[in-house]
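So the number in our numbering is just where the residue sits in the sequence shown, counting from 1, plus 33.
Beta carbons are placed, not taken as given, at the ideal position from N, Cα and C, and that holds for glycine.
Down below is the structure, laid out as C-alpha cells.
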Amino acid sequence: MEINFKIIVLMLGTLCTGLTAGLCFTWSNAITPGIGRLNDLEFLQSFQAMNRSIINRSFLVVFFGPVVLLGTNAFLHRNAHPTTFLPFLIAAILFFVGIGLITIFKNVPLNELLDKTVLENLSTLELKELRTKFEQPWNHWHLQRTIASFMSFALLLIGVIYNK
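Right under this line is the structure:
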C-alpha cells in the first residue's frame with residue numbers, strides 16, 4: 034500500500050484544525066463564561082493557572098500545527114480543481130491570520146501581562162482595573178479565533194468533499 038503524503042498532510046491538518054476549533058468553542062462557550070462569574074481575584078487567578086497549564090507540547094502541536102499543515106496542504110493541492118484548491122487556500126489563510134496572528138499579537142500579550150502580575154499584591158481596585166484591561170479584550174480576540182478556526186475546519190471539509 035502506497036502512503037500518500039498529500040493525504041497525510043490533509044488528514045493531519047484537518048484533525049488538528051478540528052481539535053483547535055473544538056478547544057476554542059469550548060473555551061468560549063463554557064470556560065470563560067464560567068470563570069466570568071468569579072470575583073476579580075478568583076477570575077484572574079483562574080486565568081493565570083489555565084494559561085500556565087495549557088502551554089504544553091500537545092497543545093502547541095495541535096494549536097499551531099495547522100499553520101504549517103494547512104499552508105503545505107494548499108501548496109500540495111495548488112493544481113487541483115478550484116472547488117478543492119480554493120477552500121484549502123482560504124482555510125490556510127484564515128487559520129494563519131485568525132489563529133496564528135491573533136494569538137501572537139493579541140491574546141499572548143494579554144496573557145503575558147496577567148502572568149507577570151503578582152495578584153496577591155494588588156488592591157481590590159487594582160484587581161478590578163486589571164480584570165477590565167484583560168477580560169473584554171481577551172474574550173473579543175478569542176471569539177475571533179473561535180470563528181476563524183471553525184470556518185477553517187468547515188472549509189477543509191468542503192475541500193475534502195470536492196477533492197478530485
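Count the CB pairs spanning the stretch 180-192 and the stretch 112-121 that are closer than 8 Å, and state whether there are at least three.
yes
Please report the straight-line C-alpha distance between residue 95 and residue 56, rounded to a whole angstrom.
For this step, residue 95 is matched to residue 62 along the sequence shown. For this step, residue 56 is matched to residue 23 along the sequence shown. Using only the alpha carbons, I get a separation of about 10 Å.
Runs of 4 residues minimum, wholly inside the stretch 85-127: which ones carry the alpha helix (DSSP H) assignment?
Listed in chain order, they are 90-109.
Which residues in the same chain as residue 175 place their Cβ atom closer than 8 Å to its Cβ, once the five residues preceding and following it in sequence are excluded?
Counting from 1 along the sequence shown, the entry for residue 175 is found at position 142. Within the same chain, 57, 60, 61, 65, 140 come within 8 Å of residue 175 by CB-CB distance, once the 5 residues on both sides are set aside.
Quick check on residue 67: buried or exposed, where buried means 16 or more other Cβ atoms within 10 Å of its Cβ?
Locating residue 67 in the sequence shown gives position 34, counting from the first residue. That one is exposed.
Buried or exposed: where does residue 53 fall if 16 or more other Cβ atoms within 10 Å of its Cβ makes it buried?
For this step, residue 53 is matched to residue 20 along the sequence shown. Buried is the call here.
Buried or exposed: residue 144, going by 16 or more other Cβ atoms within 10 Å of its Cβ?
Indexing the sequence shown from 1 puts residue 144 at position 111. Looking at its Cβ environment, which holds 16 or more other Cβ atoms inside 10 Å, residue 144 is buried.
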